[in-house]
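Here is the structure we will look at, set down as structure tokens.
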Amino acid sequence: MYEFSYVKPASLDEAAQLLANHDDAKPLSGGMTLIPTLKQRLAQPSHLIDIAALTELRGIEVTAGQLIIGAATRHIEVATSMTVRTALPALAALASTIGDPQVRNRGTLGGSVANNDPNADYPAAVLALGATVHTQRRAIAADDFFQGVFTTAIEEGELITRIAFPLPTRAAYAKFPHPASGFAMTGVFVAETGGRVRVAVTGAGPGVFRWREAEAALADRFAAESIEALVVDPSGLNADIHAPAEYRANLMKVLASRALRAILNSSEGAVA
Amino acid sequence: MSKVALTVNGKPVEVEVEHRTLLSTVLREALGLTGTHIGCDTSQCGACTVHLDGRVVKSCTVLAVQVQGQSVKTIEGLAPSFDASGARLHPVQQAFSECHALQCGFCTPGMIMAVTGLLQDHPQPDDQQIIHGLEGNLCRCTGYVNIIKAVKQAAQMMQA
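As they're listed, the protein sequences go chains A and B.
The letter at position 94 of the first sequence is residue 94 when you use my numbering, and the numbering goes up by one with no holes.
If you want my numbering, it's the position in the second sequence, counting the first as 1, plus 272.
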């Protein structure tokens with residue numbers, strides 16, 4: 001690692017001030033992507049601003065039909081929270097499949113969403129549920145938030161404070177994890193909220209995206225057979241040593257079908 | 273440089289570290305606790321697994337300055353000291369020994385720390401829970417079958 005200065009601010013305001021004062025400062029939350037990146041000398045921040053313990057970024061609550069989770073909430077807390085498991089079991093199930101236990105004990109919701117790794121799990125939930133990403137400055141709709149590989153609407157010095165998930169009527173996430181990292185080779189989150197169906201795909205393309213054809217097909221008939229009838233064009237999907245684009249195109253259908261079967265076979269509508 | 277005060281295996285310690293120093297480096301180099309192994313440089317292998325305030329973490333992916341005031345348990349602090357029954361090993365260590373749940377042994381300290389974390393959450397885990405619970409730990413000898421056997425035996429020993 002290159003040298004940096006570690007700072008632990010006492011408040012969100014102080015954290016924002018530190019980020020504003022130092023152009024090359026980076027916020028540190030769980031550090032599950034940032035620290036490995038620093039170890040490989042792929043980044044050289046001047047300061048790390050540790051926001052993980054800020055009380056403004058913590059907490060899980062259900063209010064006015066929304067599940068609101070603080071940005072510094074760790075994956076293990078989302079996975080095991082009775083509030084989440086009751087209100088939005090598909091999200092708790094998703095969190096329980098992120099990485100491995102050591103990663104889930106450190107990594108945070110806000111860190112994952114801000115990083116927007118194209119293979120990360122949480123962005124699929126945020127997009128499919130039509131969640132709102134709150135920062136210390138504004139509220140950003142999920143449809144405007146994710147802007148491609150490791151790119152979001154977040155501006156310099158802006159910090160995610162919490163994410164508000166509208167509670168769906170039914171929802172499920174199904175993923176094909178990379179066997180070594182646990183990241184989604186492909187993951188599909190299906191949600192019906194307020195009578196509207198949204199389907200978000202992670203891992204398959206250059207950043208999370210909505211699968212509009214699947215949404216239309218499911219609006220017509222909410223069944224796995226609707227997905228199985230679709231044809232997925234692999235052009236533009238990811239291809240790497242782990243899987244060619246055609247494989248990921250097929251995974252989209254397989255996983256969307258699994259998510260639907262989980263929803264339709266379960267009163268809770270959750271699947272890992 | 274900063275001073276970091278933490279508790280390691282029940283004892284308060286204070287170390288002076290560069291901000292970029294990893295917890296694993298402090299454990300191994302400043303405190304001489306070399307049971308915590310470094311098996312990779314990519315945060316994947318889990319050989320450096322320790323408990324931080326009771327939860328498993330990869331100590332190679334935590335900065336020492338992040339654990340100010342927190343409590344760390346390493347493989348050296350797992351076994352109870354001699355007691356009336358004469359037991360020297362933690363049940364998970366005992367089960368790993370009896371089931372020969374190791375080949376070269378390099379991953380073993382991290383495996384054992386991960387297993388003790390797993391058994392906190394799932395005192396009687398089934399095969400899927402064991403496999404899911406040990407996803408952060410790699411055994412490059414691929415000796416997983418006996419590791420799973422040892423987890424089950426340890427669970428029985430700890431229930432008894």
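Ideal Cβ placement from N, Cα and C applies to all residues, glycine included.
Only a predicted model underlies this, so the values are computations on that prediction, with no experimental measurement involved.
Spatial distance of residue i from residue j (CA atoms)
{"i": "residue 93 of chain A", "j": "residue 172 of chain A", "result": "9 Å"}
{"i": "residue 350 of chain B", "j": "residue 374 of chain B", "result": "18 Å"}
{"i": "residue 2 of chain A", "j": "residue 297 of chain B", "result": "15 Å"}
{"i": "residue 269 of chain A", "j": "residue 170 of chain A", "result": "At residue 269 of chain A, the pLDDT of 47 sits below 50, so the modelled position is not reliable and the matter cannot be decided from this model."}
{"i": "residue 366 of chain B", "j": "residue 104 of chain A", "result": "28 Å"}
{"i": "residue 227 of chain A", "j": "residue 346 of chain B", "result": "49 Å"}
{"i": "residue 142 of chain A", "j": "residue 75 of chain A", "result": "19 Å"}
{"i": "residue 219 of chain A", "j": "residue 196 of chain A", "result": "7 Å"}
{"i": "residue 403 of chain B", "j": "residue 198 of chain A", "result": "32 Å"}
{"i": "residue 65 of chain A", "j": "residue 133 of chain A", "result": "16 Å"}
{"i": "residue 326 of chain B", "j": "residue 401 of chain B", "result": "19 Å"}
{"i": "residue 22 of chain A", "j": "residue 16 of chain A", "result": "10 Å"}
{"i": "residue 90 of chain A", "j": "residue 190 of chain A", "result": "10 Å"}
{"i": "residue 186 of chain A", "j": "residue 273 of chain B", "result": "43 Å"}
{"i": "residue 341 of chain B", "j": "residue 209 of chain A", "result": "42 Å"}
{"i": "residue 299 of chain B", "j": "residue 150 of chain A", "result": "33 Å"}
{"i": "residue 159 of chain A", "j": "residue 25 of chain A", "result": "13 Å"}
{"i": "residue 420 of chain B", "j": "residue 399 of chain B", "result": "7 Å"}
{"i": "residue 413 of chain B", "j": "residue 161 of chain A", "result": "44 Å"}
{"i": "residue 98 of chain A", "j": "residue 110 of chain A", "result": "14 Å"}
{"i": "residue 43 of chain A", "j": "residue 124 of chain A", "result": "26 Å"}
{"i": "residue 329 of chain B", "j": "residue 32 of chain A", "result": "10 Å"}
{"i": "residue 245 of chain A", "j": "residue 40 of chain A", "result": "28 Å"}
{"i": "residue 255 of chain A", "j": "residue 61 of chain A", "result": "30 Å"}
{"i": "residue 225 of chain A", "j": "residue 257 of chain A", "result": "8 Å"}
{"i": "residue 138 of chain A", "j": "residue 57 of chain A", "result": "15 Å"}
Strand pairing of residue i, partner residues [DSSP]
{"i": "residue 283 of chain B", "result": "B:280"}
{"i": "residue 140 of chain A", "result": "A:133"}
{"i": "residue 146 of chain A", "result": "A:152"}
{"i": "residue 268 of chain B", "result": "Because chain B spans 273 through 432 in this model, residue 268 of chain B falls outside it and cannot be assessed."}
{"i": "residue 273 of chain A", "result": "Given that chain A is displayed from residue 1 to residue 272, the structure contains no residue 273 of chain A and the question cannot be resolved."}
{"i": "residue 274 of chain B", "result": "B:289"}
{"i": "residue 335 of chain B", "result": "B:294"}
{"i": "residue 113 of chain A", "result": "For residue 113 of chain A, which the question treats as bridged, DSSP gives no partner whatsoever."}
{"i": "residue 7 of chain A", "result": "A:49"}
Expected contact under 8 Å - CB spacing of residue i and residue j to nearest Å
{"i": "residue 319 of chain B", "j": "residue 382 of chain B", "result": "4 Å"}
{"i": "residue 427 of chain B", "j": "residue 396 of chain B", "result": "5 Å"}
{"i": "residue 322 of chain B", "j": "residue 331 of chain B", "result": "5 Å"}
{"i": "residue 129 of chain A", "j": "residue 165 of chain A", "result": "5 Å"}
{"i": "residue 101 of chain A", "j": "residue 386 of chain B", "result": "7 Å"}
{"i": "residue 289 of chain B", "j": "residue 339 of chain B", "result": "Not confirmed; about 10 Å, so no contact."}
{"i": "residue 121 of chain A", "j": "residue 202 of chain A", "result": "7 Å"}
{"i": "residue 207 of chain A", "j": "residue 115 of chain A", "result": "So it is not a contact: roughly 11 Å between Cβ atoms."}
{"i": "residue 223 of chain A", "j": "residue 260 of chain A", "result": "7 Å"}
{"i": "residue 163 of chain A", "j": "residue 188 of chain A", "result": "Not a contact, Cβ separation roughly 20 Å."}
{"i": "residue 67 of chain A", "j": "residue 95 of chain A", "result": "So it is not a contact: roughly 12 Å between Cβ atoms."}
### Message
Along the region 78–109 of chain A, where does the CB come closer than 8 Å to a CB of chain B? Name the residues.
### Response
Within the region 78–109 of chain A, the qualifying residues are 99, 100, 101, 102, 103, 105, 106.
### Message
Suppose only complete runs of 3+ residues qualify. What are the beta strand (DSSP E) ranges in the region 161–233 of chain A, listed by chain order?
### Response
Within the region 161–233 of chain A, complete beta strand (DSSP E) segments of at least 3 residues are found at 170–177, 184–193, 196–202, given in chain order.
### Task
Taking a Cβ distance cut-off of 7 Å, strictly less, list which residues of the region 291–317 of chain B are near chain A, in chain order.
Flagged, chain order: 291, 292, 313, 314, 315, 316.
### Task
Kindly provide the ranges of any beta strand (DSSP E) runs that are 3 or more residues long and lie completely inside the region 19–70 of chain A, ordered along the chain.
Complete beta strand (DSSP E) runs here, min 3: 25–28, 47–50, 60–63, 66–70.
### Query
Of all the residues that make up the region 164–186 of chain A, which are near chain B by a beta-carbon distance shorter than 8 Å?
From the region 164–186 of chain A, only 180, 181, 182 have a Cβ closer than 8 Å to chain B.
#### Entry: Near-chain A residues of the region 323–338 of chain B (beta-carbon distance less than 9 Å), N- to C-terminal order
Answer in chain order: 324, 327, 328, 329, 330, 332, 333, 334, 335, 337, 338.
### Query
In the region 32–50 of chain A, which residues sit with their C-beta less than 8 Å from some C-beta in chain B, listed in chain order?
Shown in chain order are the members of the region 32–50 of chain A whose Cβ falls below 8 Å from a Cβ of chain B: 32, 35, 36, 38, 39, 40, 48, 50.
### Message
Against chain A, which members of the region 401–426 of chain B pass a CB distance test of less than 9 Å?
### Response
Closer than 9 Å at the C-beta level to chain A, one finds these residues of the region 401–426 of chain B: 404, 405, 406, 407, 408, 409, 410.
### Within 7 Å of chain B by C-beta, residues of the region 1–21 of chain A in sequence order
For the region 1–21 of chain A, the residues whose beta carbon sits under 7 Å from a beta carbon of chain B are, in order, 1, 3, 4, 5, 6.
### Message
Taking beta-carbon pairs under 8 Å, can you tell me which members of the region 366–391 of chain B lie near chain A?
### Response
Sequence-ordered contacts of the region 366–391 of chain B with chain A read 386, 389, 390 [C-beta pairs closer than 8 Å].
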